[in-house]
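Chemist:
This is the structure we're talking about:
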């Protein structure tokens with residue numbers, strides 16, 4: 064009896080996506096299935112993110128499961144990824160070409176939020192996704208220095224609503240990322256002495272007046288705390304989710320919880336907690352020191368019922384590369400720090416994919 | 008529903024709200040209406056609102072947590088969280 068497509072799909076239906084909690088066939092991840100009478104099977108396995116943490120496991124599983132079917136002589140699996148937009152109907156007035164928006168927040172300053180945001184964006188970009196990075200910190204923009212970019216963005220005319228043309232800012236590019244920061248516009252040494260409403264307006268313009276184009280992910284580096292900037296972002300765009308950065312210290316964690324509470328009250332999904340400055344490996348003795356305590360963020364995540372996304376070491380390389388304007392994931396890709404950031408990016412991407420299956424409210428005026 | 012001056016909400020769990028402009032206007036959560044920092048708001052000090060104040064004019068989505076509701080009088084500063092709207096009941 065010849066092998067049928069149904070048999071192959073039936074077998075593949077036993078593979079369950081751990082984050083989405085459903086089988087990969089009903090999720091529509093199996094595409095272009097071909098079965099020849101000689102028993103050669105080929106298909107495309109389309110992941111919801113190129114940074115999928117279980118990519119290799121899926122491939123092996125698929126090959127084994129299909130290969131063990133009676134009558135199969137050969138299995139060819141092609142792995143691809145197509146980032147799906149968050150929310151099935153997107154309110155696309157602001158950021159029309161952006162599929163997923165990921166905010167990086169913290170309760171306190173100085174916990175390494177920008178470092179995490181830059182490296183998260185760079186790691187997502189390395190995985191093959193198109194990524195933008197928006198620096199929403201108006202008072203203390205860090206993205207220009209951390210990416211070594213400092214130019215005045217160009218203006219471009221793009222077709223806007225009702226056949227009119229609109230003038231928009233072109234994001235700068237570095238390390239394959241599209242970047243925008245108030246630091247490019249005002250000059251990095253200029254202090255922005257502004258009250259809250261000006262900050263809100265500036266942030267809205269950094270989203271709406273910038274030609275972001277088509278992006279799989281827009282990472283938004285928020286300023287610390289629960290003030291104007293974070294509130295404006297949460298009100299203006301349907302965020303796919305927010306990753307909250309904290310150090311393992313109790314004090315920092317207690318305040319990170321406030322950021323979490325804010326986003327929860329605004330219905331923004333917490334993607335999880337990131338523990339930065341988690342450990343320090345002594346260069347002379349090789350011992351791991353937990354300067355700010357150990358496992359604090361993981362315990363806090365458990366207590367708060369949010370995922371723990373990963374731990375990043377306190378590492379001289381990260382700091383040096385940031386000061387030189389290079390994300391450590393690109394400049395020292397084999398370092399412990401880079402590996403930690405790539406794992407973090409995978410976790411964030413996986414948690415973000417879940418958002419594609421949520422729906423936003425629909426407004427009809429009759 | 009413009010003609011009926013009503014906002015219909017079909018909630019995910021099947022619950023339905025049918026809220027009139029008058030009900031919504033008096034439930035406006037904004038600082039001007041409710042007062043802030045110990046200063047009483049407008050709705051605490053008045054018992055009557057003119058008709059354009061009660062006529063719904065528009066509604067827009069705020070992030071993922073609220074609706075901003077505008078009235079014919081131009082008053083549109085109220086951001087009604089979904090929790091608040093649900094708390095207003097079915098009618």
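Chains as they are written, first to last, in our numbering: chain A, 64 to 429; chain B, 8 to 98.
From the three backbone atoms N, C-alpha and C, an ideal C-beta is built for every residue, glycine too.
#1: Taking the alpha carbon of residue 71 of chain A as the point to measure from, which residue in A:241, A:122, A:264, A:104 has its own alpha carbon closest?
#2: Counting only the same chain and skipping the five closest in sequence on each side, list residues whose C-beta sits under 7 Å from that of residue 80 of chain A.
#3: Listed from N- to C-terminal order along the chain, which residues in the stretch 291-302 of chain A have their beta-carbon within a distance smaller than 8 Å of any beta-carbon of chain B?
#4: Verify the CB distance criterion: does residue 87 of chain B have a CB-CB separation below 7 Å to chain A?
#5: Which one of A:173, A:92, A:198, A:387 has the shortest CA to CA distance from residue 310 of chain A?
#6: Can you find a CB in chain A that lies within less than 7 Å of the CB of residue 70 of chain B?
#7: What residue range is occupied by the uninterrupted beta strand (DSSP E) comprising residue 317 of chain A?
#8: Are residue 219 of chain A and residue 227 of chain A touching if we call contact CB-CB under 7 Å?
#9: Between residue 307 of chain A and chain B, is there a C-beta pair that is closer than 7 Å?
#10: What are the residues in the stretch 55-67 of chain B lying within 8 Å of chain A by C-beta distance?
#11: Using 7 Å as the threshold, is the C-beta distance between residue 284 of chain A and residue 263 of chain A below it?
#12: Count the other CB atoms, across all protein chains shown, that sit within 10 Å of the CB of residue 110 of chain A; report buried if there are 16 or more and exposed otherwise.
#13: Starting from the N-terminal side, write out each stretch of the alpha helix (DSSP H) that is 4 residues or longer and does not extend beyond the stretch 327-394 of chain A.
#14: If we call anything under 7 Å between Cβ atoms a contact, is residue 244 of chain A one with residue 207 of chain A?
#15: Check whether the Cβ of residue 330 of chain A lies closer than 7 Å to any Cβ atom in chain B.
#16: What does the Cβ neighbour count give for residue 47 of chain B, buried or exposed, with the cut at 16 atoms within 10 Å?
#17: Alpha carbon to alpha carbon, what distance is there between residue 187 of chain A and residue 66 of chain A?
#18: Could you pull out every residue in the same chain whose Cβ sits closer than 8 Å to the Cβ of residue 247 of chain A, ignoring the five residues on either side in sequence?
#19: Could you tell me which residues DSSP pairs with residue 273 of chain A in its beta bridges?
#20: Please compile the residues from chain B whose C-beta is within a distance smaller than 7 Å of the C-beta of residue 424 of chain A.
#21: Tell me the DSSP secondary structure of residue 42 of chain B in three-state form.
#22: On the three-state DSSP scale, how would you describe residue 279 of chain A?
#23: Using three-state DSSP, classify residue 94 of chain B as helix, strand or coil.
#24: On the criterion of 16 or more Cβ atoms from any shown chain inside 10 Å, does residue 384 of chain A qualify as buried, or is it exposed?
#25: Pull up the CB-CB distance for residue 26 of chain B and residue 98 of chain B, whole angstroms please, since I reckon it's below 8 Å.
#26: Whole angstroms are fine: how far does the CA of residue 157 of chain A sit from the CA of residue 167 of chain A?
#27: Got a sec, what are the start and stop residues for the alpha helix (DSSP H) residue 25 of chain B sits in?
#28: For residue 295 of chain A and residue 19 of chain B, what's the separation of their Cα atoms in angstroms?
Modeler: Put simply:
#1: A:104
#2: 87, 90
#3: 297, 298, 299, 300, 301, 302
#4: no
#5: A:173
#6: yes
#7: Run containing residue 317 of chain A: none in the beta strand (DSSP E); it sits in the alpha helix (DSSP H), 313-328.
#8: no
#9: no
#10: 65, 66, 67
#11: no
#12: buried
#13: 359-367, 379-386, 391-394
#14: yes
#15: yes
#16: exposed
#17: 39 Å
#18: 207, 212, 213, 214, 215, 216, 235
#19: A:232
#20: 68
#21: strand
#22: strand
#23: helix
#24: buried
#25: 7 Å
#26: 19 Å
#27: Note, residue 25 of chain B: premise wrong, no alpha helix (DSSP H); beta strand (DSSP E) at 23-27.
#28: 26 Å
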